[in-house]
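Working notes for the structure below.
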Ligand SMILES: C[S@@+](CC[C@H](N)C(=O)[O-])C[C@H]1O[C@@H](n2cnc3c(N)ncnc32)[C@H](O)[C@@H]1O
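Residue numbers (the working numbering): 1370 to 1573.
As structure tokens, this is what we get:
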């Protein structure tokens, strides 16, 4: 499906961001102060790297920034990129080779859109669940998660699960998110480590 180029598309080109998505994270960061005190970030589904550019602006040359995606990215100085499927244990092991704890997990995952709504929703929820599991595995106590979720049948159930493991949970639709899109962003703060052991299947 071909998308109309909008204000944010042109703004991103003008300001040197790789994606219009960068403005979603900027807005979320300004509103929810997600980078306060943060020194390590894991960005799931990071390609082409607009969010990584924003992370880099906040962290500078200090700290650890790891990006993961199925698709290659053009390298960003100081960013460790792992090419892999976030639903695959092999990818988790590769992240573990770099670190076992981060302050902030970001996830902006979208499946290849088929146009069949129920299928796209189901696939996106699977990616959001995989991201939540990775956040549970890697977040330090008190850490934060920003997670894209398509609204639909499983949305509330996933929110309930997030509320069980974070003290504060907000939902937001940044202005750069297209009105007609079902995507919402969940901002979850103060991770409660850890009543339950990590499991790659517990939310499957
Ligand atoms: C909306 S884009 C992310 C944009 C990014 N936040 C940015 O600012 O440039 C969604 C990404 O999800 C990735 N993706 C989808 N399924 C994935 C999976 N199973 N594992 C890793 N990445 C995946 C796609 O390759 C795509 O790059």
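Backbone N, C-alpha and C fix where the C-beta goes; we use that ideal spot for every residue, glycine too. From a predicted model like this one, the values you see are computed outputs, not experimental measurements.
Compare the beta carbon distance of residue i and residue j with 8 Å and say whether it is the shorter of the two.
i, j, result
"residue 1499", "residue 1531", "no"
"residue 1407", "residue 1425", "no"
"residue 1476", "residue 1413", "yes"
"residue 1509", "residue 1561", "no"
"residue 1478", "residue 1542", "no"
What residues in its chain sit with their C-beta under 6 Å from that of residue i, if we drop five residues either side in the sequence?
i, result
"residue 1573", "Its pLDDT being 45, under 50, residue 1573 is placed unreliably by the model, and the measurement read from it follows with that caveat. Answer for residue 1573: no residue qualifies."
"residue 1416", "1438, 1440, 1442"
"residue 1467", "1435, 1449"
"residue 1523", "1494"
"residue 1421", "1412, 1415, 1436, 1445, 1448"
"residue 1519", "1490, 1493, 1551, 1552"
"residue 1513", "1403, 1473, 1558"
"residue 1456", "1499"
Between residue i and ligand 1, is the CB less than 7 Å from at least one heavy atom?
i, result
"residue 1440", "yes"
"residue 1578", "What is shown of the chain runs 1370 to 1573, which leaves residue 1578 out entirely."
"residue 1445", "no"
"residue 1516", "no"
"residue 1526", "no"
"residue 1546", "no"
"residue 1543", "no"
"residue 1513", "no"
"residue 1398", "no"
"residue 1454", "yes"
"residue 1375", "no"
"residue 1496", "yes"
"residue 1500", "no"
To which residues of the same chain is residue i closer than 8 Å at the C-beta, ignoring the five residues directly before and after it?
i, result
"residue 1464", "1411, 1435, 1437, 1451, 1503, 1507"
"residue 1370", "Its pLDDT being 48, under 50, residue 1370 is placed unreliably by the model, and nothing is read from it."
"residue 1428", "1404, 1407, 1408, 1410, 1434"
Excluding the 5 residues flanking residue i on each side, which residues of the same chain have their C-beta closer than 7 Å to its C-beta?
i, result
"residue 1569", "Annotation note: pLDDT 49 at residue 1569 (below 50); position unreliable, no value reported."
"residue 1534", "1505, 1560, 1561"
"residue 1546", "1393, 1552"
"residue 1431", "1408"
"residue 1539", "1401, 1556"
"residue 1391", "1381, 1419, 1420, 1422, 1423"
Assuming residue i contacts residue j (C-beta within less than 8 Å), just tell me the rounded distance between them.
i, j, result
"residue 1388", "residue 1381", "6 Å"
"residue 1554", "residue 1397", "6 Å"
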